[in-house]
Amino acid sequence: MASLQPVRGTHDLLPEENRVQDHIAETARAIGELYGYHRMTTPIFEFTDVFARTLGDTSDVVTKEMYTFEDRGGEKITLRPENTAGIARAYISNGMQQMSPVKVCYYGPMFRYERPQKGRQRQFHQIGVELLGVEQVAGDIEVIAYGAHILKSLGLWDNITLELNTLGDPESRAAYRNVLVDYFKGHFDKLSEDSRNRLDKNPLRILDSKDEGDRELVANAPLFAEYLNEHSQTFFKQLTDGLGDIGINYQLNPRLVRGLDYYCHTCFEFVTSTLGAQGTVMAGGRYDGLVSTMGGPQTAGVGWAAGVERLAMMVGTGPAAVRPVALIPMGDAAESRCRSLAQQLREAGIAVELGYAGNMKKRMKRADKANAKMAVIIGDDELAKGVAMVRDLDAGEQREVAIDSLIGVIGER
RNA sequence: GCGGGUGUAGCUCAGUCGGUUAGAGCGCCAGAUUGUGGCUCUGGAGGUCGUGGGUUCAAUCCCCAUCAUUCGCCCCA
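Residue 1 is where the first sequence starts when you use full-length UniProt numbering, and the numbers rise one by one after that.
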């Protein structure tokens, strides 16, 4: 155990749990088709610059959470901590502005060098969506609707709240940021140590501080709403109206912010109280500045990402595995016959469990353990008559069926 | 990166106020039932008590370190 531990913060996904994650990923993909989003996949590593430049030099993700290494060619490589930068890079690399609007979703592993906790691992999985080239609020509404649809379809909606905020356009945001920094600088001596650091790196974050002293200051801090210009206000109004049109409830949270500079306007999180400290299950917003920051054309963007492990914890168990038919041969001749029969049934789309060895009792036990719905027993007697003994394992009843008509009989159940 | 808890069988956990062969339930294997599963009964396998060091006549138990995990902070999905 000591030496064969997986690397810290990584986990093996055994079949049962893997099935839950597959279910989540497939649900997201299938619902995406209804909205016109198609899955795309970018590499799980990129040149470090792809993340370092776009995520900002001061963000925690860049300063302490990236898995970075030099490859044999001396290139600086980073395992992706998130997928938006990779999609944006691919958008530029492949000249995808010609396909605008680009509507894609993704699923795959992400990597962050963090201290593991429940719902926080060093290798984890995200599903996500990106809509590129749409600056209208209709895009934000569609993307949120898609996310909510997934959560509803997974049966999680009752335990989830949509929190919503606006960061305004760059002009509004810069104006507010200045006012806010001035305000907190005036009370610097009362700020917590964390928040003093945030003053430089990410002053908006102070609004969401858990420190009591900070909260008192925040209560009297200038409000973002007063610094939103007309365009930003209109955009947000249209967003909330649009969500009303499609019947999605939300809760305004003025403290909801994003650290990264390229975010603007819409900012949202789907949160739950059922997962402890890691309550954010799906989060996103608008990032009109991202593609241009990377050197591409000015391109609007909006999207979200969701943690599959966190969703899986809420979903619990996945859909039941397919119940197979157990073929149980007795004797060499039957063994041979069952091999070909198994192949025939499988090619007809029927799941077959064909034991590898053992007497009938052992094989019946295995059939039961595989949750088989029926056992098809073929021995010398049956072979001679061209029949099989078909036993319904739920009812405990059995009858003879001609081998030639097995596919039809099994298909009925 | 910071602070607290935990680490005993595949899993969930007892236990030893420091003292001979460390236990249970579930699971696994076998038998009762040599062509019939689930239920029941009987038996069996499986443990460097996370790892390394220290204290002691003696450590799974006490101390230190380390690794993993967990809760919270930072931050985030």
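By construction, the Cβ of each residue, glycine as well, lies at the ideal position given by its N, Cα and C atoms.
Fair warning: this is a prediction, and the values are worked out from it, not measured in the lab.
Inter-residue distance for T272 and T161 is about 6 Å (C-alpha atoms, whole angstroms). In the displayed model, E135 falls within coil according to three-state DSSP, outside both helix and strand.
As summarised for the stretch 125 to 201, the continuous beta strand (DSSP E) elements at least 3 residues long and confined to that stretch are 161 to 166, given in chain order. Secondary structure of V376 (DSSP, three-state): strand. For F236, the uninterrupted alpha helix (DSSP H) run begins and ends at 230 to 245, by DSSP. Looking at the backbone, the Cα of G318 and that of G247 are separated by about 28 Å.
Rounded to whole angstroms, V143 and F69 show a C-alpha spacing of 34 Å. The three-state reading of DSSP puts I328 in strand, counting E and B together.
Judged by DSSP secondary structure, G408 falls within the alpha helix (DSSP H) whose first and last residues are 406 to 412. When the Cα atoms are used, S340 and Y107 turn out to be separated by approximately 38 Å. Going by DSSP, I92 is part of the alpha helix (DSSP H) stretching over 84 to 93. Membership of I248 in any alpha helix (DSSP H) is not indicated, and neither H nor E is assigned to it by DSSP.
Within the same chain, P6 come within 7 Å of D12 by CB-CB distance, once the 5 residues on both sides are set aside. The C-beta distance from V257 to D208 rounds to 6 Å, short enough to meet the 8 Å contact threshold. Residue pairing by DSSP leaves F224 without any beta bridge partner.
Annotated three-state conformation of I77 is strand, per DSSP. In this chain, G119 is not harboured by any beta strand (DSSP E), its DSSP state being neither H nor E. Rounded to whole angstroms, Y91 and M40 show a C-alpha spacing of 11 Å. Taking 9 Å as the cut-off, the beta carbon of L154 is found closer than this to the beta carbon of V315. If you draw a straight line from the Cα of V387 to the Cα of G358, it is about 22 Å long. Around the Cβ of V322, a 10 Å sphere holds fewer than 16 other Cβ atoms; the residue is exposed. Looking at the backbone, the Cα of T78 and that of A88 are separated by about 16 Å. The beta carbons of R173 and C264 sit about 7 Å from each other, so the pair counts as a contact at 8 Å.
Distance from the CA of L167 to the CA of G349, rounded to the nearest whole angstrom, comes to 53 Å. Excluding its 5 nearest sequence neighbours in each direction, I44 has C-beta neighbours in its own chain below 7 Å: L79, R80, G108, P109, listed in chain order.
Excluding residues up to 5 positions away in sequence, L217 lie with their Cβ nearer than 8 Å to the Cβ of H187 in the same chain.
Within its own chain, the residues whose Cβ lies closer than 8 Å to the Cβ of P203, once the five positions on either side in sequence are excluded, are R177, L180, V181, F184, listed in chain order. Nearest neighbour of N83 by Cα position, chosen from H125, K362, Q398, turns out to be H125. Pairing L131 with L311 gives a Cβ-Cβ distance that is not under 9 Å. Here E46 carries a strand assignment [DSSP, helix/strand/coil]. In the three-state DSSP reduction, G307 falls in the strand class (E or B). In the three-state reduction of the DSSP assignment, R39 falls in the strand class, which pools E and B. The residues D169, in chain order, have a CB closer than 7 Å to that of H231 in the same chain once the five nearest residues on each side in sequence are set aside. Between the beta-carbon of G284 and that of A300 there is about 14 Å, and that puts the pair past the 8 Å contact cut. Taking the CA atoms as reference points, R8 sits about 7 Å from R122. With fewer than 16 neighbouring CB atoms inside 10 Å of its own CB, K362 falls in the exposed class.
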